[in-house]
Every structure is written in C-alpha cells, then in structure tokens.
Amino acid sequence: MSEKQRVTRKNSTPLKVYCLPEERELIESNARQAGLSVACYLREVGQGYQVNGVMDYEYVRELVRVNGDLGRLGGLLKLWLTDDVRTAHFGAATILSLLGRIEATQEEMSQVLKSVVQPRARS
C-alpha cells in the first residue's frame, strides 16, 4: 500500500463471526433497536463502547419538549409577578391553573426520567 492510499475499513481485512441462526437474529435485532447496521453495532460492542439505542434520543427529545413547556409556563408566571400589562387580566384562578400545569409538567418530566433511568438500573 502506498503512502498516498489511506487505510479505510473497506480495504482492511474483515472479521468473520460464525453464529447460530438465533444468535444472528438477536444480533440483528439489537442492531436495529440501536439504529445501527449490524457491522457498526458489532464494531462498537467489540471495542467496548456502550451502544445507545434510538430510544435514548427519543427520550431526550421528549425531555427537551417538556423543558420548553416549563420555560413558557414559568415565563407567563414571571410576567404576572412583575405586573406586566399583558397579564393584567390574569386572575387568581388563572395563576392557580398555571401553577397546576407547571406541577403536572414537572411530574411528566419525572416520569420520562424514570423510564430512562430505571431500565438501565435493572440491566
């Protein structure tokens, strides 16, 4: 190989792994769940990397959405507390409702966090 030719995976020697059909199905299933090709999945696992599944990213997106909701609700509360003209028509019932929504959103965030953390604690 000349100095100009780069070493890539395509021109390197492949590894062969013999496995039973059910083992192959399990590996392919795990790779799909992680959102990776079988080759990439085996390469990551074989090098000792923790494979993050696609679900991890979905949980993160959900947490970002919930956090945004909390920010918007907190902003409304801040406007009311500073006697902003835009919130002058807010009554006590509206503020109590807003506080209830903030509490519910915090609970929703807590549930999403539990669904991410508890499965990892069991493994």
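Numbered continuously in the UniProt record's numbering, the sequence shown closes out at residue 123. Beta carbons are placed, not taken as given, at the ideal position from N, Cα and C, and that holds for glycine. Predicted model only: the values in this text are computed from it and were never measured.
In the structure shown, Gly75 falls within a helical segment according to DSSP collapsed to helix, strand and coil. In this structure, the beta-carbon distance from Tyr18 to Ala31 does not fall below 8 Å.
Between Val51 and Val45 the beta-carbon gap is near 6 Å, inside 8 Å, which marks them as a contact. By the neighbour-count criterion, in which 16 or more other beta carbons inside 10 Å mark a residue as buried, Thr13 falls on the exposed side. Residues of the same chain with a CB within less than 7 Å of the CB of Asp69, apart from the 5 flanking positions on each side, are Thr105 in chain order.
In the three-state reduction of the DSSP assignment, Cys19 falls in the coil class.
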